[in-house]
Every structure is written in C-alpha cells, then in structure tokens.
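What follows is a short report on a single structure.
Residue numbers (my numbering), protein chains in the order written: chain H, 69 to 450; chain W, 314 to 379.
What follows is the structure, encoded as structure tokens:
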C-alpha cells in the first residue's frame with residue numbers, strides 16, 4: 069500500500085525510538101498530549117509507548133467525536149428517532165453510545181425506531197431522495213473533518229429540492245477544545261495535567277491547516293507538531309517535540325507535510341463558513357460548556373435544521389457517577405484509574421463514551437494497552 | 314487511497330490494497346487518475362503531495378537526524 073506501508077516500518081520506528089532516547093534529557097519528564105483519537109488509536113495499536121523512554125509520557129486528549137458528545141444530545145437523538153415519521157441516519161460508531169437510563173440508538177432501533185447506519189452523508193441524501201415520505205435526519209457529529217461532508221449533503225439536498233432532509237447538528241471545533249484544556253475554569257475543579265506539547269491532528273489539519281495552532285505556540289508557549297496517523301509519523305512528531313522542548317522553542321511544526329498545508333482546504337472552509345456559524349457555548353462530555361466550540365446552521369439554512377423543524381430541546385444529563393470519562397478526556401486520569409473499566413464497562417457493554425469508539429482512550433486501552441500492562445507485570449515478576 | 318477513475322458529479326473511484334470505493338471529490342480540485350488522496354467518511358479531504366511524501370520518507374530513513 070503506497071503511502072501507508074512505508075510509514076509503518078518497524079525497523080525505522082526503532083531507529084526513531086533510539087534517536088528519541090538519545091536526545092531526551094534524563095533529568096526532564098516530557099508530557100505530550102495527542103489531541104486526536106486517531107493518534108490515540110495508532111499509539112495503542114502499534115505499541116508506540118513501549119518504544120518510548122520512560123520519561124516521555126503520552127496523554128490522550130479529547131479528540132474523539134463520539135466521546136465528547138454529551139449524553140443530553142444522544143437522548144435528544146433517541147427521542148427524535150422514536151417519532152414515527154423520522155428516519156435517523158447516523159455514523160455507525162454512535163449506535164452504541166450510552167444515553168440516559170441505559171438507552172442507546174442501538175436499543176431504540178431494536179425497539180422499532182427507524183435508525184440507519186450510513187458510511188457517508190451522501191447515503192443519507194440518497195435515502196431522503198428514495199423515500200420522499202420519510203423525514204430523513206442526519207445525526208451530524210464530528211470535528212472539522214466531518215463538517216464539510218455535512219455541508220455538501222445540505223447543498224446536494226437543496227439542489228435536488230429535497231424538503232424532507234434535515235441535520236441534527238453537533239459539529240465541534242478543535243482549537244476551542246485545545247484552548248479549554250489549557251485554560252478554563254473547569255481546570256481548577258478537575259485538576260489538570262502538565263502538558264509540554266501537543267501532537268496536532270492529522271485529518272483535521274488537512275481542512276483547517278496548521279495555522280490555527282499558532283495561538284497555542286505563541287500565547288501558551290506550547291510546541292505543536294501536526295502529525296500523520298501512521299506510527300512513524302507519530303514517532304517523528306514526538307522526536308520533533310522533544311527537540312523543541314530541549315531547545316526551549318514553542319513553534320508549530322508540520323510533520324504531515326505530505327497532506328497538510330499552512331492554510332488548509334480553502335474550498336472546504338468556504339463551504340462551512342457559508343452554511344454554519346459558531347455558537348456561543350456548547351457542552352462537551354468531559355470538558356463541560358466550552359465557549360465558541362461548536363457550529364449551527366445559519367438562518368438562511370434553518371430549513372435544514374432538525375432542531376428547528378422538530379422543536380428539539382436538549383436537556384443536560386448526568387454520566388454514571390462512577391464513570392471517569394470526564395477526567396480521562398482531559399488527560400487527568402487514565403482508563404485503568406476507573407473502577408468501571410473492564411469490570412462492567414467493556415466495548416460490548418460501554419458505560420461511558422470513551423469505551424465506545426475505537427478512538428476512545430478506554431477502548432484503545434481495552435483492545436491493546438491492557439495486554440501491555442499484563443506483560444510488564446509478568447516481566448517484573450520474573 | 315489511489316484514484317483509479319474520475320467519475321461525473323465530482324465523484325471518483327479509489328482503491329487501497331485491492332479494495333475499491335466510490336467517493337466524493339467535491340472538496341478538492343483537479344483530481345486525476347493516479348492521485349493519492351486522504352479519505353474521510355466518503356470524501357477526499359486532501360491530495361497527498363508526492364514530493365513531500367518522498368521528503369518525509371527520506372527524513373524517516375535518516376531517523377530524523379537533521
């Protein structure tokens with residue numbers, strides 16, 4: 069696989085690991101947050117933490133769209149899906165996200181709600197076209213990568229004159245969440261972790277470019293290295309972060325230069341700006357209310373807004389009190405710190421959202437990381 | 314993901330390791346057969362720049378020894 073396999077070469081990974089080990093200062097502890105769930109998954113899947121020296125710590129950030137969607141919004145989607153005229157189209161990984169009182173879209177579907185998993189927003193538009201008597205609602209979630217596809221779906225629906233297509237908008241913004249992790253009133257409440265630098269997102273940056281991360285380098289004096297999703301990309305980014313820390317630099321560097329430019333995808337950005345506007349505040353699971361962190365449709369496009377069409381109101385709902393997703397999403401706690409982890413909370417029966425998506429910190433730890441700990445214990449005992 | 318066929322309405326056929334998919338290229342410009350793209354939920358988000366990809370590989374091969 070061209071442009072994939074080359075970036076997964078184990079020999080090069082070990083050479084990069086040796087370079088990192090040679091360059092870290094033994095007297096320093098390095099804490100780097102990978103914001104994006106795609107990186108969390110890559111780090112766990114390829115066992116990258118095993119390649120790093122013990123004083124380089126990777127902290128998993130909140131960049132998993134399924135994980136940060138608050139329960140109240142899931143509840144609203146479930147309520148909507150129970151309306152007899154509604155067909156709710158959703159990305160597959162939302163199906164198992166737990167809502168209030170043990171509910172989920174999966175259970176609502178089993179109970180008869182018309183919920184359909186789609187791969188692409190185009191599938192949702194096709195369903196609306198093929199079934200004009202149904203009110204087709206697309207459950208729109210995700211960061212800057214999934215917003216342009218939602219915008220295009222609206223454009224296609226408009227061009228085709230589909231009056232039965234709307235979206236339930238939950239699109240969120242990466243820079244606002246990074247800012248929140250570094251600087252918010254909640255940090256005082258939940259505590260915070262030491263972060264010496266960020267591995268910046270891959271796909272998100274293809275859309276927004278590397279530029280929006282400059283503010284974190286400049287104002288918060290944190291190095292940011294935008295990195296691709298392959299294991300060698302992540303290893304190289306860590307090496308670049310180590311060098312910035314050692315040299316006292318805090319800049320935005322672009323490791324994923326084969327796909328990310330300084331300014332990003334102008335076409336996608338223009339499309340999103342035409343249809344969406346920033347909302348004053350939006351609730352994130354784990355982060356609470358984050359200012360200027362989400363999008364809604366502009367007034368000119370409100371005929372495509374499911375919240376307007378169906379008069380939807382979302383009520384805040386509480387997580388299972390023992391669930392540590394909130395602290396885990398902030399990087400304050402790790403999956404193994406949660407009492408529910410692996411006991412009652414597994415990917416088959418997730419209690420919290422971090423266990424649902426393969427990009428979630430708990431799911432990644434369940435699938436890969438826990439075996440690593442087990443091996444370490446065996447080695448220590450031997 | 315390599316583009317193997319450019320289709321009407323800003324669509325394209327792409328392939329990875331023998332698996333083919335029809336995707337939308339409405340978010341990028343000037344798509345041609347042979348281009349490598351970054352694919353996300355059925356849409357091409359960006360084209361991979363072959364020169365930069367080569368440069369990154371060279372850097373990786375030298376293990377980031379700059």
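Quick reminder that beta carbons are idealized off the backbone N, C-alpha and C, glycines included.
May I have the straight-line CA-CA distance separating residue i from residue j, to the nearest angstrom?
i, j, result
"residue 326 (chain H)", "residue 337 (chain W)", "21 Å"
"residue 156 (chain H)", "residue 337 (chain H)", "26 Å"
"residue 358 (chain H)", "residue 137 (chain H)", "12 Å"
"residue 379 (chain W)", "residue 353 (chain W)", "With a pLDDT of only 48 at residue 379 (chain W), under the threshold of 50, the placement of this residue in the model should not be trusted; the figure read from the coordinates follows. Those two C-alpha atoms are separated by around 32 Å."
"residue 359 (chain W)", "residue 438 (chain H)", "35 Å"
"residue 376 (chain H)", "residue 119 (chain H)", "51 Å"
"residue 130 (chain H)", "residue 168 (chain H)", "21 Å"
"residue 408 (chain H)", "residue 173 (chain H)", "22 Å"
"residue 175 (chain H)", "residue 366 (chain W)", "45 Å"
"residue 234 (chain H)", "residue 87 (chain H)", "51 Å"
"residue 74 (chain H)", "residue 299 (chain H)", "10 Å"
"residue 195 (chain H)", "residue 154 (chain H)", "12 Å"
"residue 335 (chain H)", "residue 362 (chain W)", "18 Å"
"residue 90 (chain H)", "residue 219 (chain H)", "47 Å"
"residue 314 (chain H)", "residue 149 (chain H)", "53 Å"
"residue 216 (chain H)", "residue 340 (chain H)", "6 Å"
"residue 204 (chain H)", "residue 192 (chain H)", "7 Å"
"residue 246 (chain H)", "residue 103 (chain H)", "8 Å"
"residue 189 (chain H)", "residue 84 (chain H)", "39 Å"
"residue 366 (chain H)", "residue 346 (chain H)", "9 Å"
"residue 141 (chain H)", "residue 281 (chain H)", "28 Å"
"residue 386 (chain H)", "residue 370 (chain W)", "47 Å"
"residue 412 (chain H)", "residue 318 (chain W)", "48 Å"
First and last residue of the alpha helix (DSSP H) that includes residue i?
i, result
"residue 249 (chain H)", "242 to 250"
"residue 223 (chain H)", "215 to 227"
"residue 195 (chain H)", "189 to 198"
"residue 146 (chain H)", "139 to 149"
"residue 374 (chain H)", "374 to 377"
"residue 136 (chain H)", "133 to 136"
"residue 79 (chain H)", "78 to 91"
"residue 368 (chain W)", "363 to 374"
"residue 174 (chain H)", "173 to 178"
"residue 117 (chain H)", "116 to 119"
"residue 397 (chain H)", "393 to 397"
"residue 385 (chain H)", "Note, residue 385 (chain H): premise wrong, no alpha helix (DSSP H); not H, not E."
"residue 430 (chain H)", "429 to 432"
What in chain W is Cβ-close to residue i, meaning under 8 Å?
i, result
"residue 333 (chain H)", "340, 341, 358 and 359"
"residue 336 (chain H)", "340 and 358"
"residue 80 (chain H)", "373, 374 and 376"
"residue 70 (chain H)", "315 and 349"
Along the chain, where does the beta strand (DSSP E) containing residue i start, and where does it finish?
i, result
"residue 238 (chain H)", "233 to 239"
"residue 104 (chain H)", "98 to 104"
"residue 317 (chain W)", "315 to 320"
"residue 327 (chain W)", "324 to 329"
"residue 389 (chain H)", "Run containing residue 389 (chain H): none; DSSP gives neither H nor E here."
Show which residues of chain H have a CB atom less than 7 Å away from the CB atom of residue i.
i, result
"residue 365 (chain W)", "325 and 326"
"residue 389 (chain W)", "The question about residue 389 (chain W) has no answer, for chain W in this structure spans 314 to 379."
"residue 325 (chain W)", "By Cβ distance, chain H contributes nothing, its closest Cβ being about 13 Å from residue 325 (chain W), past 7 Å."
Considering only DSSP beta bridges, list what residue i is partnered with.
i, result
"residue 156 (chain H)", "H:183 and H:205"
"residue 364 (chain H)", "H:345"
"residue 412 (chain H)", "Paired residue(s): none; residue 412 (chain H) is not in a bridge."
"residue 359 (chain H)", "H:349"
"residue 337 (chain W)", "W:324 and W:356"
"residue 349 (chain W)", "W:315"
"residue 123 (chain H)", "According to DSSP, which records beta bridges pairwise, residue 123 (chain H) is partnered with nothing at all."
"residue 210 (chain H)", "H:239"
"residue 128 (chain H)", "H:102"
"residue 332 (chain W)", "W:329"
Closer than 7 Å by beta-carbon distance: list the chain W residues that pair up with residue i, in chain order.
i, result
"residue 242 (chain H)", "Per Cβ cutoff of 7 Å: no residues; residue 242 (chain H) is ~14 Å from chain W at best."
"residue 74 (chain H)", "370"
"residue 271 (chain H)", "351, 353 and 358"
"residue 300 (chain H)", "373"
"residue 275 (chain H)", "358"
"residue 213 (chain H)", "353 and 358"
"residue 247 (chain H)", "What residue 247 (chain H) touches in chain W: nothing, since even the nearest Cβ is about 23 Å away."
Going along chain W in order, which residues have a C-beta closer than 9 Å to the C-beta of residue i?
i, result
"residue 112 (chain H)", "Correct list: empty, because the minimum Cβ distance to chain W is about 20 Å."
"residue 44 (chain H)", "With chain H represented from 69 up to 450, any question about residue 44 (chain H) goes unanswered, as that position is not in the structure."
"residue 98 (chain H)", "Ordered by position in chain W, no residue passes the 9 Å Cβ test against residue 98 (chain H), which lies about 16 Å from the chain."
"residue 315 (chain H)", "The contacting residues do not exist; residue 315 (chain H) stays about 12 Å from chain W at best."
"residue 312 (chain H)", "Near residue 312 (chain H) there are no residues of chain W at all, since even the closest Cβ is about 13 Å away, more than 9 Å."
Are there any heavy atoms of the ligand NAP lying less than 7 Å away from the beta-carbon of residue i, as far as the coordinates show?
i, result
"residue 420 (chain H)", "Absent from the structure shown: the ligand NAP. Ligands present: none."
Can you name the residues of chain H whose CB is closer than 8 Å to the CB of residue i?
i, result
"residue 337 (chain W)", "188, 190, 217 and 220"
"residue 362 (chain W)", "325, 326 and 327"
For this session: Jot down the residue ranges of each uninterrupted beta strand (DSSP E) in the stretch 251 to 333 of chain H, minimum 3 residues, whole runs only, in chain order.
Result: If we require 3 residues or more, the beta strand (DSSP E) runs fully inside the stretch 251 to 333 of chain H come out as 265 to 268, 292 to 294 and 320 to 322.
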